[in-house]
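J.: For the sequence shown, the positions run 532 to 863 when our numbering is used.
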Amino acid sequence: MNVLLTGGTGYIGCHTAVALTQANHQVVLYDNLCNSHLDVVDRLQTITQQRLPFVQGDVRDTPLLIKTLQEHHITAVIHFAGLKAVGESVEMPIAYYDNNVSGSISLLLAMQATGIKTLVFSSSATVYGDPRYLPLDESHPTSVTNPYGRSKLHIEDMLADVAQSDAQWRIARLRYFNPVGAHDSGLIGEDPNGIPNNLMPYIARVAAGKLPYLNVFGNDYPTPDGTGVRDYIHVTDLASGHLAALQALSLSTQPLHTFNLGTGQGYSVLEMVKAFEAASGKKVPYHIAPRRAGDIASCYAQAAKAATELKWKASRTLDDMCVSTWKFQSAR
Ligand code: NAD
Ligand code: UFG
532 MNVLLTGGTG YIGCHTAVAL TQANHQVVLY DNLCNSHLDV VDRLQTITQQ RLPFVQGDVR
592 DTPLLIKTLQ EHHITAVIHF AGLKAVGESV EMPIAYYDNN VSGSISLLLA MQATGIKTLV
652 FSSSATVYGD PRYLPLDESH PTSVTNPYGR SKLHIEDMLA DVAQSDAQWR IARLRYFNPV
712 GAHDSGLIGE DPNGIPNNLM PYIARVAAGK LPYLNVFGND YPTPDGTGVR DYIHVTDLAS
772 GHLAALQALS LSTQPLHTFN LGTGQGYSVL EMVKAFEAAS GKKVPYHIAP RRAGDIASCY
832 AQAAKAATEL KWKASRTLDD MCVSTWKFQS AR
């Protein structure tokens, strides 16, 4: 297939580009570089031995999208492009709705104009809100507590309407849990600007001596050690989940699908610290800090639906996640 990856130079997009290229799909990267760097294209060339076409553009630029879809004879789109920081979305809701919701509408218009009807969308476990039960299966009720989550839910709802309107669409809404880790080569990974919001990149910078200590946000949650529990998934496993989703869509007779992409296993903040220390051989000093506003105690997936219907399962261990993160961090 000829697959357009919006947000293709971003963290999850570039790992997915590797997985698709290695499975002999033709990948085109489309990104405005607001949260990634052009050198990712060179790094992808080193990994895949192929120069992937890159278009610098914004998903809100419908004419440029249409031109790109036509010029590259695209048959399917994976839509990663968007803004993703929960705290920032509270400060800048308009930017989030503009990038995420308007960007998705622009993409749908471009796909409609070119007759392309296969779409994989990056959603998030955040659409489940505060879990009513665990593990979270795909029929758990949705709810949101911040503009980022609301933008994802709006897009999910729009996609359901689009699928309902025309049975030829093949849409997969993928709800990611907590993607971490890096490619085995250490060439691509997650390298946020400024001080990281997320746990794994923060731990990696503490281990590297770039930050003095980790703030553990709360140790009084109803979890085994009192710290927050999440379902961390290796980004390489997540990438292969996209490949599986594309394959499943090509065989499906149904227009709309929703899948959790997680491991089904939760780890606490302190378990993550311990695993990272073991993988890196470095100390990760931490302080217990107050709970972070908006955080939930535990969140992990019921991963059975993807296993059955996509024939996909995460296989990499917590140690793999920490070792690859450390390799990437050490190379920076
Ligand atoms: P990322 O920021 O590394 O990648 C997103 C890419 O999209 C970046 O390269 C950025 O430059 C680009 N982009 C943003 N707005 C754009 C626009 N208007 N036009 C063109 N390009 C644009 O983030 P990521 O972690 O790779 O996330 C990819 C997708 O997965 C996002 O939609 C995110 O919301 C979703 N997601 C991520 C996580 C996570 O924890 N990383 C969890 C759940 C869902
Ligand atoms: N944490 C700390 N210290 C830190 C950072 C995080 O203790 O410096 C804790 C959090 O309190 C939480 C856990 O580590 O218990 C994980 O936090 P992250 O910020 O790494 O991830 P979240 O689960 O809060 O959110 C992430 C993405 C969201 C996405 C969600 C579900 O940032 O966009 O996973 O997929 F919606």
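Virtual Cβ for every residue (Gly too), placed ideally from N, Cα, C.
Strictly by DSSP, which residues pair up with D562?
T.: Paired residues: Q587.
J.: Ignore the nearest five residues each way along the sequence and tell me which others in Y752's own chain have a CB closer than 7 Å to its CB.
T.: T758, G759, A828.
J.: With a floor of 4 residues, list each alpha helix (DSSP H) that falls wholly inside the segment 569-625, ordered by position along the chain.
T.: If we require 4 residues or more, the alpha helix (DSSP H) runs fully inside the segment 569-625 come out as 570-579, 593-602, 617-622.
J.: Buried or exposed for Y561, going by 16 or more other Cβ atoms inside 10 Å?
T.: Y561 is buried by the Cβ-count criterion.
J.: Contact defined as beta carbons within less than 8 Å: I believe T606 pairs with I647. What is the distance between those atoms, to the nearest angstrom?
T.: Rounded, the Cβ-Cβ distance is 7 Å, consistent with contact.
J.: Verify the contact flag: T540, CB atom, against every heavy atom of the ligand NAD, threshold strictly below 7 Å.
T.: Yes, Cβ of T540 sits closer than 7 Å to a heavy atom of the ligand NAD.
J.: For Q557, write down the residues that DSSP places opposite it in a beta bridge.
T.: N533.
J.: So is the beta-carbon of L745 under 7 Å away from any non-hydrogen atom of the ligand UFG?
T.: Correct: L745 has its Cβ closer than 7 Å to the ligand UFG.
J.: Compare the Cα-Cα distances from V559 to each of I609, R591, T577 and report the closest residue.
T.: Nearest of I609, R591, T577 to V559, Cα basis: I609.
J.: Contact check, I702 vs A713 under 8 Å by CB: the rounded distance?
T.: With a Cβ gap of about 29 Å, I702 and A713 do not count as contacting.
J.: Excluding the five sequence neighbours on either side, which residues of its own chain have a C-beta within less than 7 Å of the C-beta of V621, listed in chain order?
T.: These residues qualify, in order along the chain: N677, P678.
J.: From A810 to D756, what does the alpha carbon distance come to, in whole angstroms?
T.: The alpha-carbon atoms of A810 and D756 are separated by roughly 21 Å.
J.: Taking 8 Å as the cut-off, decide whether the C-beta atoms of T552 and L583 are in contact.
T.: Yes, the Cβ-Cβ distance between T552 and L583 is below 8 Å.
J.: Quick one: using the 10 Å Cβ neighbour count with 16 as the cut-off for buried, is E721 buried or exposed?
T.: The residue is buried, with at least 16 neighbouring Cβ atoms inside 10 Å.
J.: Take F611 and list the residues in its own chain whose beta-carbon comes closer than 8 Å to its own, dropping the five residues that flank it on each side.
T.: Counting only Cβ-Cβ distances below 8 Å, and skipping sequence neighbours, we find L536, T537, G538, G539, G541, I543, G544, T547, S653.
J.: Please state if the CB of L684 and the CB of V651 are separated by a distance shorter than 8 Å.
T.: No; because the gap between Cβ atoms is not below 8 Å, this pair is not in contact.
J.: Can you give me the start and stop residues for the beta strand (DSSP E) that V747 sits inside?
T.: First-last of the beta strand (DSSP E) with V747: 745-748.
J.: Under 6 Å Cβ to Cβ from R822, same chain only, skipping five residues before and after it: list those, please.
T.: The answer, listed in chain order, is F748, G749.
J.: Expressed to the nearest angstrom, what Euclidean distance is found between the alpha-carbon atoms of A739 and W857?
T.: If I take the Cα positions, the gap works out to 9 Å.
J.: Are there 16 or more other CB atoms within 10 angstroms of the CB of D768, so buried, or fewer, so exposed?
T.: Looking at its Cβ environment, which holds 16 or more other Cβ atoms inside 10 Å, D768 is buried.
J.: Starting from the C-beta of V490, find all residues in its chain whose C-beta is less than 7 Å away, skip the five residues before and the five after it, and write them out in chain order.
T.: Here the chain has residues from 532 to 863 only, and residue 490 is not among them.
J.: Could you compute how far the alpha carbon of V737 sits from the alpha carbon of V632?
T.: Taking the straight line from one Cα to the other gives about 35 Å.
J.: Answer yes or no: do Y763 and Y798 have a C-beta to C-beta separation smaller than 8 Å?
T.: Cβ distance < 8 Å, so Y763 and Y798 count as in contact.
J.: Give a single yes or no on whether A656 has its beta carbon closer than 7 Å to a heavy atom of the ligand UFG.
T.: Checking every heavy atom of the ligand UFG against the Cβ of A656, one is found closer than 7 Å.
J.: Excluding the 5 residues preceding and the 5 following G793 in the sequence, name in chain order all residues of the same chain whose CB lies nearer than 6 Å to its CB.
T.: Contacts found: F708, D762, I764, A832, A834.
J.: Cβ of S567 versus every heavy atom of the ligand NAD: is any distance shorter than 7 Å?
T.: The answer is yes for S567.
J.: Taking the alpha helix (DSSP H) that Y733 belongs to, which residues open and close that run?
T.: Run containing Y733: 730-738, per the alpha helix (DSSP H) assignment.
J.: Quick one: measure Cβ to Cβ for A641 and I686, integer angstroms, because I've assumed they're closer than 8 Å.
T.: No, A641 and I686 are not in contact; Cβ-Cβ is about 15 Å, not under 8 Å.
J.: Are there any heavy atoms of the ligand UFG lying less than 7 Å away from the beta-carbon of G708, as far as the coordinates show?
T.: Rather than Gly, the amino acid found at residue 708 in this sequence is Phe. At least one heavy atom of the ligand UFG is nearer than 7 Å to the Cβ of F708, so yes.
J.: If you scan the segment 623-696 from start to end, which runs of the alpha helix (DSSP H) of 4 or more residues do you find wholly inside it?
T.: Within the segment 623-696, the complete alpha helix (DSSP H) runs of at least 4 residues are 624-627, 634-645, 678-696.
J.: Going by beta carbon distance, what residues of the same chain come within less than 6 Å of G772, once the five residues before and after it are set aside?
T.: The residues are L792, W843.
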